[in-house]
Amino acid sequence: MGIAKYLVQGTLEHGYEVLDAYHYMIESTNPESKTVLHMDENERFKYFFVSYGAWIQGFRYLRKGIAIDSTFLRSRYNSVLLAAVAQDAKNHIFPVAFCVADKECDASYGFFFEQLRRCIEDTEELCFVSDRHLSIPKMGSLFFTSAYFGCCIRHLGENIQNNYHNERDVTLFYRAAKAYSREEFLDHFNQIANVNPKVAEFLARVSLERWSQACCPANRYNIMTSNIAESVNSLSGDEREFPIKAMFEKISEKYSNFFNERRVQFKCPENKTRFVLKIEKKISTNISLGNSF
92 MGIAKYLVQG TLEHGYEVLD AYHYMIESTN PESKTVLHMD ENERFKYFFV SYGAWIQGFR
152 YLRKGIAIDS TFLRSRYNSV LLAAVAQDAK NHIFPVAFCV ADKECDASYG FFFEQLRRCI
212 EDTEELCFVS DRHLSIPKMG SLFFTSAYFG CCIRHLGENI QNNYHNERDV TLFYRAAKAY
272 SREEFLDHFN QIANVNPKVA EFLARVSLER WSQACCPANR YNIMTSNIAE SVNSLSGDER
332 EFPIKAMFEK ISEKYSNFFN ERRVQFKCPE NKTRFVLKIE KKISTNISLG NSF
């Protein structure tokens with residue numbers, strides 16, 4: 092079985108050896124693609140960043156919300172895969188960029204955001220959502236000075252549950268986080284303070300602006316968690332065992348197939364709508380609600 096895998100995918104070492112030629116071929120055959128192979132002072136692999144032209148072009152027409160996450164690769168080199176992911180109008184996963192790095196730290200996220208800045212504009216509309224890894228807002232804000240950096244509320248909720256062991260605190264936290272008005276937010280937050288002041292202190296230290304929709308100075312586009320990025324990591328489960336070149340080829344193939352399926356559905360002769368079906372239903376529901384008053 093191992094020999095067959097090597098014949099199809101190549102060895103782990105071979106995957107790194109051909110990266111220089113591979114990133115050249117990506118940019119040659121995919122217009123507007125951005126790839127960077129970074130070596131250390133001893134000419135050993137350190138980072139490999141990829142954002143395909145189709146991803147860069149497509150993101151220009153999407154909501155400017157990006158989830159950031161990472162996952163460990165299952166090889167003896169102990170690398171991590173950093174991912175930046177958005178959502179299309181039907182809330183499908185839309186990849187923006189991937190990067191293999193040695194570990195999660197200031198240096199790796201600094202490289203990742205520096206390359207990501209070459210792919211997307213830095214605007215006040217841009218919103219990043221991630222777990223509470225300190226390197227993400229620290230390094231991201233150096234290259235995206237106008238963007239907003241928010242916390243994933245699921246990770247915060249899990250922290251509250253693990254550290255304070257009270258389901259009521261968690262429930263009130265989610266209600267406060269998702270509240271749209273300041274009045275509703277304060278009502279839930281004050282309840283948290285009354286039930287468990289330590290939880291309220293913890294959430295205040297994190298910064299209300301980073302997790303509360305009502306206090307957020309930017310538009311989070313209803314992206315309250317980094318689940319979409321974690322979904323990418325689960326989709327890429329098998330690929331995490333592949334040599335690096337084979338892994339990126341499989342990721343590219345998988346999302347190319349997704350895009351083609353969606354294009355075929357939209358071009359279907361039976362499709363008479365101007366919007367994706369999910370949005371058409373939402374518009375229809377809102378019209379019906381409006382007519383009922």
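Position in the sequence shown (first residue = 1) + 91 = the numbering used here.
Every residue gets a Cβ at the ideal spot worked out from N, C-alpha and C, and that includes glycine.
- Pairing Arg-311 with Gly-156 gives a Cβ-Cβ distance under 8 Å.
- Bridge partners of Cys-190 according to DSSP: Phe-140 and Leu-173.
- For Phe-333, there is no enclosing alpha helix (DSSP H), as DSSP marks it with neither H nor E.
- Closest in alpha carbon position to Ser-347, among Glu-108, Gly-144, His-224 and Ser-379, is Gly-144.
- A direct Cα-to-Cα measurement between Leu-173 and Ser-383 gives close to 47 Å.
- If only uninterrupted alpha helix (DSSP H) runs of at least 4 residues are considered, those enclosed by the segment 225-266 are 226-234 and 244-255.
- If you draw a straight line from the Cα of Tyr-265 to the Cα of Gln-178, it is about 22 Å long.
- Straight-line spacing of the CA atoms in Ala-305 and Phe-280 works out to 11 Å.
- Shortest Cα-Cα distance from Gln-148 to any of Phe-235, Phe-202 and Ser-124 involves Ser-124.
- Nearest to Arg-151 by alpha-carbon distance, out of Pro-334, Leu-233 and Ile-211, is Ile-211.
- Distance from the CA atom of Arg-245 to the CA atom of Ser-221, rounded to whole angstroms, is 10 Å.
- Secondary-structure assignment with DSSP links Met-130 through a beta bridge to Phe-136.
- Rounded to the nearest angstrom, the gap between the Cα atoms of Gln-206 and Asp-193 is 16 Å.
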